[in-house]
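Participant: Residue 380 in UniProt numbering is what sits at position 380 of the sequence shown, and the numbering runs on without skipping anything. Beta carbons: idealized from backbone N, C-alpha and C, even for Gly. Can you keep this structure in mind? I'll have questions shortly.
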Amino acid sequence: MTGNPENSAHDTAHDPYEAEILGGTTDDVAQRLAAIDDDEAEQRAQALRAGLEDYELDEEDAALLAEWAEDGDQAPVRRPAPVLAIVGRPNVGKSTLVNRILGRREAVVEDTPGVTRDRVSYRATWNGRNFTLVDTGGWEYDAKGINARVAEQAEMAVEFADAVLLVLDATVGVTAADEAIVKMLRKVRKPVILVANKVDSPQLEVEATYLWSLGMGEPHPVSALHGRGAADVLDAVTDLLPEFSAVAETELTGGPRRVALIGRPNVGKSSLLNKLAGSERVVVDPLAGTTRDPVDELIELGGKPWRFIDTAGIRRRVHMAQGADFYASLRTQAALERAEVAVVLLAADEVLSEQDVRILQLAVDSGRALVLAFNKWDLMDEDRRYYLEREIDRDLAHVAWAPRVNVSAKTGWHKDRLVPALETALASWDTRVPTGRLNAFLGEIVAAHPHPVRGGKQPRILFGTQASSRPPRFVLFTTGFLDPGYRRFITRRLRETFGFEGTPIEVSMRVREKRNRKR
Numbered sequence: 001m002t003g004n005p006e007n008s009a010h011d012t013a014h015d016p017y018e019a020e021i022l023g024g025t026t027d028d029v030a031q032r033l034a035a036i037d038d039d040e041a042e043q044r045a046q047a048l049r050a051g052l053e054d055y056e057l058d059e060e061d062a063a064l065l066a067e068w069a070e071d072g073d074q075a076p077v078r079r080p081a082p083v084l085a086i087v088g089r090p091n092v093g094k095s096t097l098v099n100r101i102l103g104r105r106e107a108v109v110e111d112t113p114g115v116t117r118d119r120v121s122y123r124a125t126w127n128g129r130n131f132t133l134v135d136t137g138g139w140e141y142d143a144k145g146i147n148a149r150v151a152e153q154a155e156m157a158v159e160f161a162d163a164v165l166l167v168l169d170a171t172v173g174v175t176a177a178d179e180a181i182v183k184m185l186r187k188v189r190k191p192v193i194l195v196a197n198k199v200d201s202p203q204l205e206v207e208a209t210y211l212w213s214l215g216m217g218e219p220h221p222v223s224a225l226h227g228r229g230a231a232d233v234l235d236a237v238t239d240l241l242p243e244f245s246a247v248a249e250t251e252l253t254g255g256p257r258r259v260a261l262i263g264r265p266n267v268g269k270s271s272l273l274n275k276l277a278g279s280e281r282v283v284v285d286p287l288a289g290t291t292r293d294p295v296d297e298l299i300e301l302g303g304k305p306w307r308f309i310d311t312a313g314i315r316r317r318v319h320m321a322q323g324a325d326f327y328a329s330l331r332t333q334a335a336l337e338r339a340e341v342a343v344v345l346l347a348a349d350e351v352l353s354e355q356d357v358r359i360l361q362l363a364v365d366s367g368r369a370l371v372l373a374f375n376k377w378d379l380m381d382e383d384r385r386y387y388l389e390r391e392i393d394r395d396l397a398h399v400a401w402a403p404r405v406n407v408s409a410k411t412g413w414h415k416d417r418l419v420p421a422l423e424t425a426l427a428s429w430d431t432r433v434p435t436g437r438l439n440a441f442l443g444e445i446v447a448a449h450p451h452p453v454r455g456g457k458q459p460r461i462l463f464g465t466q467a468s469s470r471p472p473r474f475v476l477f478t479t480g481f482l483d484p485g486y487r488r489f490i491t492r493r494l495r496e497t498f499g500f501e502g503t504p505i506e507v508s509m510r511v512r513e514k515r516n517r518k519r
């Protein structure tokens with residue numbers, strides 16, 4: 001299944017592709033959609049769904065479509081996707097393999113052993129199957145100091161995984177460290193897929209066969225760098241993983257809404273939390289990064305309780321000796337995973353840094369609702385505020401959908417404006433568009449602005465459904481690949497039509513061909 005282009009820093013408000021589609025004209029899609037009542041929209045969706053029977057559909061398609069009409073209330077719990085942990089000794093190419101599986105560069109890759117020291121989670125998809133991918137630091141049997149904690153993190157990742165991808169370097173063969181990892185894996189009794197990495201040519205495949213001696217099953221020869229064999233490994237992974245995780249914590253959807261307060265060190269997170277709580281609950285110090293552990297705080301705002309998680313500031317990657325900051329970053333990501341909405345605190349009196357942008361992207365990638373809070377706004381004069389607004393519009397165009405709140409963490413100025421922003425973002429995050437209404441929208445959009453012809457063919461959208469909410473995820477069944485620009489166009493129109501202020505949305509597609517009719 002092809003992913004969503006929304007997370008690129010592309011400014012859709014000035015998208016030349018969209019200008020090509022619109023041809024410099026406006027349309028009346030919104031008015032025509034408003035004229036369609038729910039019964040008519042549902043009838044249209046039923047007809048489109050029936051038409052899908054003429055196309056090749058797999059079991060996952062059938063399962064997704066079986067739920068398409070269930071537009072009622074959400075269940076009180078959400079079952080988590082299965083978890084796959086990648087382990088191995090340092091410098092065998094785990095992070096390179098992670099990037100290959102994700103189809104994008106996420107994990108930091110260097111030739112230096114031990115670059116990855118934490119366990120970092122990513123959302124991954126293969127052939128329509130969603131799973132959580134956990135990249136771990138290099139596991140060493142006799143590690144000392146921070147390396148020992150890295151090994152502990154890797155072991156924890158295995159404990160809380162449904163299956164394990166064990167990565168070895170086929171060009172080196174089996175080392176004592178590899179054997180120690182195998183011994184550890186045998187104790188935990190988790191399903192294991194053995195990957196022989198760095199098989200960059202067919203001649204090296206013979207080296208991979210020697211790994212049978214480990215007794216961990218068939219070694220899968222892979223070149224994570226070039227992509228060779230990665231698809232076969234992913235097929236094996238999806239065959240092995242359960243539909244839902246048996247070990248990950250089921251996410252409750254009731255109770256106080258959970259808020260992760262994140263940002264770089266010393267940006268004012270603890271001060272803001274204290275102002276919201278009305279007490280000095282969190283230690284505040286001018287020294288950057290005073291807070292190292294997430295602190296849950298139940299705070300009543302707007303007449304109802306909210307669960308705030310004050311996280312350690314995210315620093316840029318640091319040296320081994322500064323391990324406390326490194327693990328603070330890990331705990332920040334863990335807090336995001338527990339939260340429903342992220343409040344990213346930014347300093348209005350400082351230039352937006354690469355670190356700020358990276359933190360924002362981490363929040364977007366987590367799939368949580370998002371609110372942007374600008375600290376020290378009260379210190380800006382009117383002229384500076386005018387130019388600052390323009391800078392924000394330019395630099396944060398890729399998250400223009402996130403509500404903004406201007407505050408003072410020190411004095412509590414405008415803190416009351418945070419609740420409406422949180423409620424707006426969470427309402428969007430929870431939104432489920434009725435399938436009939438979604439397909440009526442798609443029909444009007446395609447009728448007014450069909451996909452451009454490419455190579456003599458014009459892809460068509462057969463049917464659309466919202467696969468899930470929190471965040472909203474839409475799946476389009478199509479006859480061909482939709483240009484990224486056309487998907488951006490649809491994503492933007494979804495926002496214009498249905499709102500979604502404060503939540504990332506994902507639009508993916510499943511390309512399906514017509515069945516071969518027997519004569």
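1. Taking one C-beta from the region 481-489 and one from the region 46-63 each time, how about it: are there three or more such pairs within less than 8 Å?
2. Look at the alpha carbon of LEU166 and the alpha carbon of GLN333, and state the distance between them as a whole number of angstroms.
3. Could you check whether ASP135 and VAL98 sit closer than 7 Å to each other, using their CB atoms as the reference points?
4. So, for VAL259: in the same chain, excluding its five sequence neighbours on each side, which residues have a beta-carbon less than 8 Å away from its beta-carbon?
5. May I ask you to verify whether the region 399-416 touches the region 494-514, counting CB pairs closer than 8 Å and requiring at least 3?
6. Between ASP239, ALA230 and ASP178, which has its C-alpha nearest LEU214's C-alpha?
7. Check whether the region 186-202 and the region 222-237 touch, using three or more Cβ-Cβ pairs below 8 Å as the test.
8. Grab me the residues of LEU360's own chain with a C-beta within less than 7 Å of its C-beta, minus the 5 sequence neighbours each way, in chain order.
9. With DSSP run on the structure shown, which of helix, strand or coil describes ALA348?
10. Classify MET509 as helix, strand or coil using the three-state DSSP reduction.
11. Of all the options ALA157, ARG129 and TRP212, which has the alpha carbon lying nearest to the alpha carbon of LEU168?
12. Does the distance from the C-beta atom of PHE160 to that of LEU241 stay below 7 Å?
13. Please work out which residues of its chain come closer than 7 Å, Cβ to Cβ, to ALA34, disregarding the five sequence neighbours upstream and downstream, and give them in chain order.
14. Assuming contact is defined by CB atoms lying nearer than 7 Å, are LYS410 and SER271 in contact in what I supplied?
15. Going by the CB atoms, is the gap between PRO219 and GLU205 shorter than 7 Å?
16. Excluding the 5 residues preceding and the 5 following PRO450 in the sequence, name in chain order all residues of the same chain whose CB lies nearer than 7 Å to its CB.
17. Where does the unbroken beta strand (DSSP E) through SER468 begin, and where does it stop?
18. Could you tell me which residues DSSP pairs with THR125 in its beta bridges?
19. Helix, strand or coil: which one does DSSP assign to ASP378?
20. Return the chain-ordered list of same chain residues with a C-beta closer than 7 Å to the C-beta of LEU426, the five sequence neighbours on each side being excluded.
21. What's the gap between the Cα of GLU389 and the Cα of ARG487?
22. Where does residue 521 land, buried or exposed, given buried means 16+ other C-beta within 10 angstroms?
23. In its own chain, which residues sit with a C-beta less than 8 Å from the C-beta of ASP54, not counting the 5 before and 5 after it?
24. Over the uninterrupted beta strand (DSSP E) stretch that includes ILE262, give me the two end residues.
25. Apply the 10 Å Cβ neighbour rule to THR112 and answer buried if 16 or more other Cβ atoms are within range, or exposed otherwise.
26. Hey, how far is the Cα of ASN127 from the Cα of SER121?
27. Under the DSSP definition of a beta bridge, which residues are partnered with PHE308?
28. Following the continuous beta strand (DSSP E) through ASN439, name the residue where it begins and the one where it ends.
29. Under three-state DSSP, which class holds ARG495?
30. Determine the contact status of ALA246 and ASP356, defining contact as a CB-CB distance below 7 Å.
31. Who are the Cβ neighbours of VAL172 in its own chain at under 7 Å, not counting the five residues just before and after it?
32. With a 10 Å radius around its C-beta and 16 neighbouring C-beta atoms as the bar for buried, classify ARG384 as buried or exposed.
33. Buried or exposed: which applies to VAL282, given that a residue is buried once 16 or more other Cβ atoms fall within 10 Å of its Cβ?
34. Assuming PRO472 and ILE505 are in contact, meaning their beta carbons sit under 8 Å apart, how far apart are those beta carbons, in whole angstroms?
35. What separation, rounded to the nearest whole angstrom, lies between the Cα atoms of ALA50 and ASP235?
36. I'd like to know whether the C-beta atoms of ASN375 and GLY268 end up nearer to each other than 7 Å.
Facilitator: Looking at the atomic coordinates:
1. In short, these stretches do not touch, since the Cβ pair count stays below three.
2. Position 166 of the sequence shown, counted from the start, is the residue given in the question as residue 166. Position 333 of the sequence shown, counted from the start, is the residue given in the question as residue 333. If you take the alpha carbons of LEU166 and GLN333, they lie about 24 Å apart.
3. Sequence index remark: in the sequence shown, residue 98 carries index 98 (1-based). Sequence index remark: in the sequence shown, residue 135 carries index 135 (1-based). In this structure, ASP135 lies closer than 7 Å to VAL98 by Cβ.
4. Position 259 of the sequence shown holds residue 259. Its chain contains TRP306, ARG307, PHE308, ILE309, ALA339, GLU340, VAL341, ALA342, VAL343 and LEU422 as the residues whose beta carbon lies nearer than 8 Å to that of VAL259, once the 5 sequence neighbours on both sides are disregarded; these appear in chain order.
5. Yes: the two stretches touch, three or more of their Cβ pairs being nearer than 8 Å.
6. In the sequence shown, the residue the question calls residue 214 occupies position 214. Closest by C-alpha distance to LEU214, out of ASP239, ALA230 and ASP178, is ASP178.
7. A contact is defined here as three or more CB-CB pairs under 8 Å, and the region 186-202 meets this definition with respect to the region 222-237.
8. Here residue 360 corresponds to residue number 360 of the sequence shown, with the count starting at 1. Annotation for LEU360: VAL344 and VAL399 place their beta carbon closer than 7 Å to its own, counting only its chain and skipping 5 residues before and after.
9. Position 348 of the sequence shown, counting from 1, holds the residue named residue 348. Coil.
10. Within the sequence shown, residue 509 is the residue found at index 509, counting from 1. Look at MET509 here: in three-state DSSP terms it is strand.
11. On the sequence shown, residue 168 is found 168 positions in, with the first residue counted as 1. The shortest Cα separation from LEU168 among ALA157, ARG129 and TRP212 belongs to TRP212.
12. One-based indexing of the sequence shown puts residue 160 at position 160. One-based indexing of the sequence shown puts residue 241 at position 241. Against a cut-off of 7 Å, the Cβ pair of LEU241 and PHE160 comes out as no contact.
13. Walking along the sequence shown from the start, residue 34 turns up at place 34. Beyond the five residues adjoining it in sequence on each side, ALA34 comes within less than 7 Å, by CB distance, of no other residue in the same chain.
14. Stepping through the sequence shown from its first residue, residue 410 is reached at position 410. Stepping through the sequence shown from its first residue, residue 271 is reached at position 271. Contact flag set, yes.
15. For this step, residue 205 is matched to residue 205 along the sequence shown. For this step, residue 219 is matched to residue 219 along the sequence shown. Contact annotation: GLU205 and PRO219 have beta-carbon atoms that are not nearer than 7 Å.
16. To locate residue 450, count along the sequence shown from 1; it is residue 450. Within the same chain, and ignoring the five residues on either side of PRO450 in sequence, the residues whose Cβ sits closer than 7 Å to its Cβ are GLN458.
17. For the purposes of this step, residue 468 is taken as residue 468 along the sequence shown, with counting starting at 1. It spans 461-468 - the beta strand (DSSP E) in which SER468 sits, taken as one unbroken run.
18. The residue given as residue 125 occupies position 125 in the sequence shown. DSSP links THR125 through a beta bridge to ASN130.
19. The sequence position of residue 378 within the sequence shown is 378, counting from 1. Assigned with DSSP and collapsed to three states, ASP378 falls in helix.
20. Here residue 426 refers to the residue found at position 426 of the sequence shown. A distance below 7 Å between beta-carbons, with the five flanking residues on each side excluded, links LEU426 to the following residues of its chain, in chain order: ARG257, GLU340, VAL341 and ALA369.
21. Residue 389 sits at position 389 when you count from the first residue of the sequence shown. Residue 487 sits at position 487 when you count from the first residue of the sequence shown. Note on geometry: alpha-carbon atoms of GLU389 and ARG487 lie some 28 Å from one another.
22. Residue coverage of the chain in this structure runs from 1 to 519, which leaves residue 521 outside it and unanswerable.
23. Position 54 of the sequence shown, counted from the first residue, corresponds to residue 54. Correct list, in chain order: LYS514 and ARG515.
24. As a first step, residue 262 is located in the sequence shown; it is residue number 262 there, counting from the start. Taken as a continuous stretch (DSSP letters only), the beta strand (DSSP E) holding ILE262 covers 257-262.
25. Numbered from 1 along the sequence shown, position 112 holds the residue referred to as residue 112. A caution first: THR112 carries a pLDDT of 34, below 50, which makes its placement in the model unreliable, though a value can still be read off. That one is exposed.
26. Along the sequence shown, one-based indexing puts residue 127 at 127. Along the sequence shown, one-based indexing puts residue 121 at 121. Between ASN127 and SER121, the C-alpha separation is close to 20 Å.
27. In the sequence shown, the residue the question calls residue 308 occupies position 308. Its beta-bridge partners are VAL259 and GLU297.
28. Taking the sequence shown and counting its residues from 1, the one referred to as residue 439 is at position 439. Under the DSSP assignment, ASN439 falls outside any beta strand (DSSP E), being part of the alpha helix (DSSP H) whose first and last residues are 435-448.
29. Translated into positions along the sequence shown, residue 495 becomes position 495. Correct three-state label for ARG495: helix.
30. Translated into positions along the sequence shown, residue 246 becomes position 246. Translated into positions along the sequence shown, residue 356 becomes position 356. At a Cβ-Cβ threshold of 7 Å, ALA246 and ASP356 do not count as neighbours.
31. Working through the sequence shown from its first residue, we reach residue 172 at position 172. In the same chain as VAL172, and ignoring 5 residues on each side of it, no C-beta atom comes closer than 7 Å to its own.
32. Here residue 384 is taken as the residue at index 384 of the sequence shown, counted from 1. Label assigned to ARG384: exposed.
33. Position 282 of the sequence shown, counted from the first residue, corresponds to residue 282. Since pLDDT at VAL282 reaches only 40, below the 50 mark, its modelled position is unreliable, and the value read off the structure follows with that caveat. Label assigned to VAL282: buried.
34. Position 472 of the sequence shown, counted from the first residue, corresponds to residue 472. Position 505 of the sequence shown, counted from the first residue, corresponds to residue 505. Right, their Cβ atoms sit about 5 Å apart.
35. Residue mapping note: residue 50 aligns to position 50 of the sequence shown, counting from 1. Residue mapping note: residue 235 aligns to position 235 of the sequence shown, counting from 1. Whole-angstrom Cα-Cα distance: 30 Å.
36. Translated into the one-based positions of the sequence shown, residue 375 becomes position 375. Translated into the one-based positions of the sequence shown, residue 268 becomes position 268. Cβ atoms of ASN375 and GLY268: closer than 7 Å.
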